[in-house]
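K.L.:
Throughout the sequence shown, residue numbering follows this note's numbering, covering 616 to 1070 in sequence.
This is the structure I have questions about; it appears just below.
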Amino acid sequence: MSETVLKNENSELLTGHVPKLFWKYALLSVAGVMFSCLAVIIDGYFMGNAVGELALGAIAVCITLMYFCMGLCAMFGVGASTLAGIKLGQGKRDEARNVYGSTLLFALILTVVIGILSILFLNPLLRFLGATDAILPYARAYGLVFFSFLPLSVLGQIGYYFCRLAEKPRMAAIIFVASGLAAILVEYIMVFKLHIETAASATDFIIGVAGTVLLIPYLQGTANPFKLRKRDLKIRFDYIWESIKIGFPMFLFNLCPLITTVIINRQLIAYGGNDLHIAAFGIFNAYIVYVMNCLTTGLTAGIQPIASVNYGANENGRIKQLLKTGVGQSFLVLLALQVIILIAARPCVSFFAGDAGELTDITVSAMRIYILMFAFGNVSTLVGGYYIGIENNKLAILNSTTRVLIFAVPMLFVIPKLFGLNGVWMAQPFADALACIIAVICLAHEFKRLSKTEK
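This is the structure in structure tokens:
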């Protein structure tokens, strides 16, 4: 036990100044995620300016695949690392390492099977997601690359979360940054030198996410609690099931945008929209809103490892401090970003839409409605992430699904009947407001519970 940095008596997660600790983990996570997002932003510029509207339409369809991938990454990465963090807080080092090894092996087998089946049935899958005849060839090129490298993406993200839990957030951020830069370079070569367009977009995403697979050999070669031994590489279904239960809210959180994207693509056509409206949705959903969501994910990642380890050690006073800083200050950051994007909506959209005047007008108008309550709605994401960290699955699932599944999905069928095509965009801000109310109520009850049991 003396060889590890995660002894209970000297772990920074248990002894460090909580606000400083949160921002250390959050900023390093955000830095890594934002560099990965930079690859996505450059991808949007390439697709919009070098390829055109049909490619953007394909991205609007294939963003659902990205959300599915990130859902699997989060379910296994957050779920298993939270379970391992609780065991570390309890001093159970061997069990924590077993969780890591078991999760890697199970996730590898599962994602290989998913990838093979998806490639075999790719065309009907893409049509179900909303691809029109014109968009399908572009979407298919994306899907083939995406599913071929799905296993590396998921394994890499598991390594990322465990690297942070091993108190090595700097290395996790460095690898994320390097992956993002590599993704930009590779996509530039594919688009402008090799003229392989839509497949380049998928390659960009895959490199940005799967590059973190390098963290697995890094953990194996350094002193940390997750240096695997041969006996750790066997599937323990009790650990897998427990990890999935903990991480399932994060899977739902990422699956919800997938569901709404499919519904929105279909509702746009049903209420008089066309390929331009799908492309407009692709611009702000696949790029601008995606970046905003990634920032939220990065801030949430600053909460989870601190919450799980302190929960395992029953340090409720530190958890209260974490909530005040992690949720309150993160909300202010998200609100500032939202205001900036609302003010600078046209230049933001023009960056992706190029000289397409009508497409730019449609996108700016739609996006300003869609993100009107973004920061408020994502309070539910922050609160849901906290509940994942303390293994409260019911409230984690509630807060992870209110913003989209519980409120936005029904409103996507109700509000367009009242306001027509614009009603498709209006559903999300209504849902965000309601989700925020639920999250604040949960937060108030949690403070009362922590105060009663505080040491």
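Just so it is clear, CB atoms sit at the ideal spot from N, CA and C, and this is done for glycine as well.
(1) Closer than 6 Å by C-beta to Thr837: which residues in its own chain qualify, once you throw out the five before and the five after it? Chain order, please.
(2) Just to confirm before moving on: does the CB-CB distance between Gly927 and Gln705 stay below 8 Å?
(3) What separation, rounded to the nearest whole angstrom, lies between the Cα atoms of Lys707 and Gly913?
(4) Rounding to the nearest angstrom, what Cα-Cα distance links Lys1102 and Asn839 in this structure?
(5) Who are the Cβ neighbours of Leu957 in its own chain at under 8 Å, not counting the five residues just before and after it?
(6) Assuming Leu987 is part of the alpha helix (DSSP H), what are its boundary residues?
(7) For the alpha helix (DSSP H) that Tyr682 lies in, which residues bound it at each end?
(8) Look at the Cβ atom of Met907, then the Cβ atom of Phe989, and state whether they are nearer than 8 Å.
(9) DSSP state of Ser1066, grouped into three classes?
(10) Whose C-alpha, out of Leu780, Arg785, Leu1036, Thr818, is nearest the C-alpha of Gly887?
(11) How is the alpha helix (DSSP H) around Gln936 delimited, first residue to last?
(12) Can you tell me where the alpha helix (DSSP H) with Tyr902 in it begins and where it stops?
(13) In three-state terms, what does DSSP make of Lys808?
(14) Here's the rule I'm using: 16 or more other beta-carbon atoms within 10 Å means buried, otherwise exposed. How should Asp819 be labelled?
(15) May I ask which residues mark the beginning and end of the alpha helix (DSSP H) holding Ala722?
(16) May I ask you to verify whether the segment 1005 to 1012 touches the segment 947 to 962, counting CB pairs closer than 8 Å and requiring at least 3?
(17) Taking the alpha helix (DSSP H) that Val760 belongs to, which residues open and close that run?
(18) Count the other CB atoms within 10 Å of the CB of Pro1031; is the residue buried (16 or more) or exposed (fewer)?
(19) For Ile1052, which residues in the same chain have their Cβ closer than 7 Å to its Cβ, ignoring the five residues on either side in sequence?
(20) On the premise that Gly730 lies in contact with Gly771, defined as a C-beta separation below 8 Å, what is that separation, rounded to the nearest angstrom?
(21) Which residue from Ile903, Val979, Tyr905, Pro872 puts its Cα closest to that of Leu891?
(22) Using CA atoms only, rank isn't needed, just tell me which of Leu687, Leu796, Ser626, Ala788 is closest to Thr726.
(23) Would you grab the beta carbon distance between Met662 and Gly862 for me? Rounded to a whole angstrom, and I think it's under 8 Å.
(24) Assign Ala885 to one of two classes, buried (16 or more other C-beta atoms within 10 Å of its C-beta) or exposed (fewer than that).
(25) Return the Cβ separation of Glu1061 and Leu938 in integer angstroms, given the expectation that the two are a contact with Cβ distance under 8 Å.
(26) Arg1098: buried (16+ other C-beta within 10 angstroms of its C-beta) or exposed?
(27) Can you tell me the Cα-Cα spacing of Leu1058 and Gln936, whole angstroms?
(28) Which of the three DSSP states is assigned to Ile1052 in this structure?
(29) If you drop the 5 nearest sequence neighbours on each side, which residues of the same chain put their C-beta closer than 8 Å to that of Val801?
(30) For the alpha helix (DSSP H) that Phe966 lies in, which residues bound it at each end?
(31) On the criterion of 16 or more Cβ atoms from any shown chain inside 10 Å, does Lys1067 qualify as buried, or is it exposed?
(32) Nearest to Thr929 by CA position, among Met649, Tyr660, Gly700, is which residue?
(33) Just to confirm the assignment, what range does the alpha helix (DSSP H) spanning Ala858 have?
(34) Quick check on Val964: buried or exposed, where buried means 16 or more other Cβ atoms within 10 Å of its Cβ?
(35) Keeping to the same chain, check which residues put their C-beta closer than 8 Å to that of Thr619; ignore five residues upstream and five downstream.
(36) Determine the contact status of Pro872 and Gly999, defining contact as a CB-CB distance below 8 Å.
P.N.:
So, from the data block:
(1) none
(2) yes
(3) 27 Å
(4) This structure gives no information on residue 1102, because the portion of the chain shown stretches from 616 to 1070.
(5) Arg983, Ile986, Leu987
(6) Run containing Leu987: none; DSSP gives neither H nor E here.
(7) 668 to 704
(8) yes
(9) helix
(10) Leu1036
(11) 931 to 938
(12) Element bounds for Tyr902: n/a, residue is neither H nor E.
(13) helix
(14) buried
(15) 708 to 735
(16) no
(17) 751 to 763
(18) buried
(19) none
(20) Not a contact, Cβ separation roughly 15 Å.
(21) Val979
(22) Leu687
(23) The pair is not a contact, with the Cβ atoms about 31 Å apart (cut-off 8 Å).
(24) exposed
(25) 7 Å
(26) The first residue shown for the chain is 616 and the last is 1070, placing residue 1098 beyond what the model contains.
(27) 13 Å
(28) helix
(29) Ala815, Thr818, Asp819, Ile822
(30) 960 to 968
(31) exposed
(32) In the sequence under discussion, the amino acid at residue 929 is Asn, which differs from the Thr named in the question. For the residues Met649, Tyr660, Gly700, the minimum Cα distance to Asn929 belongs to Gly700.
(33) The question names Ala, yet the displayed sequence has Ser at residue 858. Its alpha helix (DSSP H) spans residues 852 to 885.
(34) buried
(35) Only weak support exists for where Thr619 lies, its pLDDT of 41 falling under 50; the coordinates are left without a value.
(36) no
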